[in-house]
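Undergrad:
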Amino acid sequence: MKLLRAFVLSLPLLAAPALYAGDADACGGCTVVQSENTQVTGHRMILSISNDRTTLYDQITYAGNPSSFAWILPIKGEVDVGLSSDAVFNALEQATQISVVSPSINCLPPGCAGAPNAGGDFDNAGSGGAGGGGVEVIAEEVVGPYATVQLSSQDPNALANWLLSNGYYVPPDIKPVIDAYVNEGFNFLALKLVPGEGVNSMRPVRISSLGAQPTLPLRMVAAGTGAITPITLWILGEGRYEPTNFPSFQIKAQDLVWNWDTQSSNYTDLKKKSFDASGGKAWLIEAGQPFSRYWIEDNLKWTAQNDPENSGYGGDPMGPSALDECVEDLDTLFGSIPENTLWLTRIHAELSRPALATDLTLGASADQSHVERWLQVENAIGTPPACPPPPDWCFDQDMPDVNPWDNGVGVGADDPNAGTKSNASCAIRGEASMPATLGLLGGALVLSVARRRRRR
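Residue numbering for the sequence shown is -21 to -1, 1 to 435, as defined by mature numbering (1 follows the signal peptide of the UniProt record, and there is no 0).
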């Protein structure tokens, strides 16, 4: 039996994360810090909203027979269909990844170079044709590995018959949903793999329509889902966006408690309690801040030009180059949104099946304050980790024969020896996850930002 991938807001097969080990900023002395990554696997979507155009990105994944793949999306009017790259999703994931960090423990004693009273503060900022039978074929084209067709019909039964006769199986539980969209005046975009293309050739799809249409058709998600459907949505627009017909909430640093024994916070528990209390209908506003296209643009272009096979772009010898595809994709992603008003908002939900009976609508938030993704916890329970041994320079031969680690007496801020050692501060190494697709871009990031700043 053929399967319908009915705008499933596709479950991403996330790239295996590469571990990135980085030094913590040590502006105020030696600190011990633990952290956790709150990344949750789920359906990943992008919605770019401007006054003249709205573009929806969907990361399609499928593991069955290529000939059985089909994907249907309700649309308004006629749309432009294009291809994107997993690298775009990974770039936005990295830019908005939530970091929960434990309270810091100052280990250096007062008077030891690099200790709090020796100068400096700890800084966490890192931070057309006839289809027949009452169905009109508006447009038909091949886009990469996909054969696409846009359909218009005022007869739900005629549309269902057309889909069935053209290889799009419609499950019984999704047919009433399609009927409702037809009665509401929607058209439909349908995709299939071109004969001979395998599932490994599938790429994220982008669909652009005229005007600002901040709506996500959740009703089509219900087909084939379980009790809970996780969805992560990135929104690019002028200012911060939030759901207007679903409840939403935030988790702030002051709400969190760090457990030293488990090296984790209660972030996940708080999130689950809020989702459960809403009956699986609430959306968590995870992050929302002003954004610059240059934070991801240079890296993606660099990869497309220098490592096209791993960029997710190109691949067709007769088509545009990886770099040309990347440039077109980024221009579509950011659209006509002014650079000085561009915001990136990330929201997440774990929706119950009843919640999928209503499409999600978005609007500008009345509160345009930042939603921080870096959460520094202040409250803690459990046994804190032991401080590391004092550094050698705390026992300089020229210093008084006193162990400042024990009683806090030693080199002071006014001492000429204070802070003159090359290792007069220290940092505890930690690990944070980073999408593998962008792991090789780390070196290019600093260079590209530097180049961008010099050009300015």
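Here a beta-carbon is modelled for each residue, glycine too, at the ideal position from N, C-alpha and C.
1. Going by DSSP, what residue range makes up the beta strand (DSSP E) through residue 73?
2. For the beta strand (DSSP E) containing residue 116, list its first residue and its last residue.
3. Under a three-way DSSP split, which group does residue 275 fall into?
4. Can you list, in chain order, the residues of its chain with a C-beta nearer than 6 Å to that of residue 160? Leave out the 5 residues immediately preceding and following it.
5. Spell out a yes or no on whether the stretch 223 to 231 and the stretch 256 to 265 are touching, meaning 3 or more CB-CB pairs, one atom from each, closer than 8 Å.
6. Judging by CA-CA distance, which residue of 67, 62 and 33 is the nearest neighbour of residue 277?
7. Could you tell me how far apart the beta carbons of residue 182 and residue 335 are, in whole angstroms, since I believe they sit closer than 8 Å?
8. Report yes if the CB atom of residue 287 is closer than 7 Å to the CB atom of residue 322, and no otherwise.
9. Could you say which of 134, 298 and 83 lies nearest to residue 365 if we only look at CA atoms?
10. Give the range of the beta strand (DSSP E) segment to which residue 34 is assigned.
11. Run the CB neighbour count on residue 242, radius 10 Å, all protein chains shown included, and call it buried at 16 or more, exposed below.
12. Could you give the first and the last residue of the continuous alpha helix (DSSP H) run that contains residue 160?
13. Helix, strand or coil for residue 198 per DSSP?
14. Identify whether residue 235 lies in helix, strand or coil by the three-state DSSP scheme.
15. For residue 34, count neighbouring C-beta atoms within 10 Å of its own C-beta (all shown protein chains included) and say buried if the count is 16 or more, exposed if not.
16. Since I believe residue 201 is in contact with residue 156 (beta carbons under 8 Å), could you give me their beta-carbon distance rounded to a whole number of angstroms?
17. Between residue 315 and the rest of its own chain, which residues show a CB-CB distance below 6 Å, the 5 nearest in sequence each way excluded?
18. Here's the rule: buried if 16 or more other CB atoms are within 10 angstroms of the residue's CB, otherwise exposed. What is residue 216?
19. If you draw a straight line from the C-alpha of residue 130 to the C-alpha of residue 140, how long is it?
20. Do residue 171 and residue 126 count as a contact pair if the criterion is CB distance below 7 Å?
21. So, with DSSP's three-state summary, where would you put residue 129?
22. Cβ of residue 273 within 6 Å of any heavy atom in the ligand GTP?
23. Give the single residue among 196, 330, 204 and 343 whose Cα lies nearest to the Cα of residue 221.
24. Could you check the C-alpha separation between residue 256 and residue 193 for me, to the nearest Å?
25. With DSSP as the reference, label residue 222 as helix, strand or coil.
26. CA-CA distance, residue 75 and residue 327?
27. State the DSSP-derived secondary structure class of residue 59, mapped to helix, strand or coil.
28. Out of curiosity, what's the CA-to-CA distance linking residue 350 and residue 305?
29. Work out the CA separation of residue 341 and residue 329 for me, nearest whole Å.
30. If contacts are defined as beta-carbon pairs under 8 Å, then residue 359 and residue 237 qualify, I think. What distance do you get, rounded to the angstrom?
31. By Cβ distance below 6 Å, which residues in the same chain neighbour residue 347 in space, the five residues on each side in sequence not counted?
32. Compare the beta carbon distance of residue 122 and residue 60 with 7 Å and say whether it is the shorter of the two.
33. Following the continuous beta strand (DSSP E) through residue 144, name the residue where it begins and the one where it ends.
34. Which class does residue 171 belong to by DSSP, given the choice of helix, strand or coil?
TA: Here's the rundown:
1. Premise fails: residue 73 lies in the alpha helix (DSSP H), 65 to 75, not in any beta strand (DSSP E).
2. Where residue 116 is concerned, the enclosing beta strand (DSSP E) stretches over 114 to 122.
3. Residue 275 falls in the helix class under three-state DSSP.
4. Counting only residues of its own chain and dropping the five nearest sequence neighbours on each side, residue 160 has a CB closer than 6 Å to the CB of 53.
5. At 8 Å Cβ cutoff, the stretches touch.
6. Among 67, 62 and 33, the Cα nearest to that of residue 277 is on 67.
7. Not really, about 26 Å apart at Cβ, beyond 8 Å.
8. A distance of 7 Å or more separates the beta carbons of residue 287 and residue 322.
9. Nearest of 134, 298 and 83 to residue 365, Cα basis: 83.
10. Residue 34 -> beta strand (DSSP E) spans 32 to 37.
11. Label assigned to residue 242: exposed.
12. Element bounds for residue 160: 154 to 162.
13. Correct three-state label for residue 198: helix.
14. Coil at residue 235, not helix or strand.
15. By the beta-carbon neighbour count (other beta carbons within 10 angstroms, threshold 16), residue 34 is buried.
16. About 7 Å separates the two Cβ atoms, so the contact holds.
17. So the qualifying residues of the chain are 29 and 31.
18. Buried, since its Cβ has 16 or more Cβ neighbours within 10 Å.
19. The straight-line gap separating the alpha-carbon atoms of residue 130 and residue 140 is approximately 12 Å.
20. Inclusion of residue 126 and residue 171 in the CB contact set at 7 Å is warranted, their separation being smaller than that value.
21. In the structure shown, residue 129 sits in a strand (DSSP, three-state: E or B).
22. Ligands displayed in this structure: none; no statement on the ligand GTP is therefore possible.
23. It is 343 whose Cα lies nearest to the Cα of residue 221.
24. The alpha-carbon separation between residue 256 and residue 193 amounts to approximately 26 Å.
25. When DSSP states are grouped into helix, strand and coil, residue 222 belongs to the strand group.
26. Looking at the backbone, the Cα of residue 75 and that of residue 327 are separated by about 12 Å.
27. Note: residue 59 maps to strand in three-state DSSP.
28. Counting only the Cα atoms, residue 305 lies some 29 Å from residue 350.
29. Per the coordinates, the alpha-carbon of residue 329 lies some 17 Å from the alpha-carbon of residue 341.
30. Yes, residue 359 and residue 237 are in contact; Cβ-Cβ is about 4 Å, under 8 Å.
31. Apart from the 5 residues on each side of it in sequence, residue 347 sits with its Cβ closer than 6 Å to the Cβ of 218 and 219 in its chain, given in chain order.
32. Cβ atoms of residue 122 and residue 60: closer than 7 Å.
33. Looking at the DSSP string, residue 144 is not in any beta strand (DSSP E); the run it does join, the alpha helix (DSSP H), is 135 to 144.
34. DSSP places residue 171 in the strand class (E or B) of the three-state scheme.
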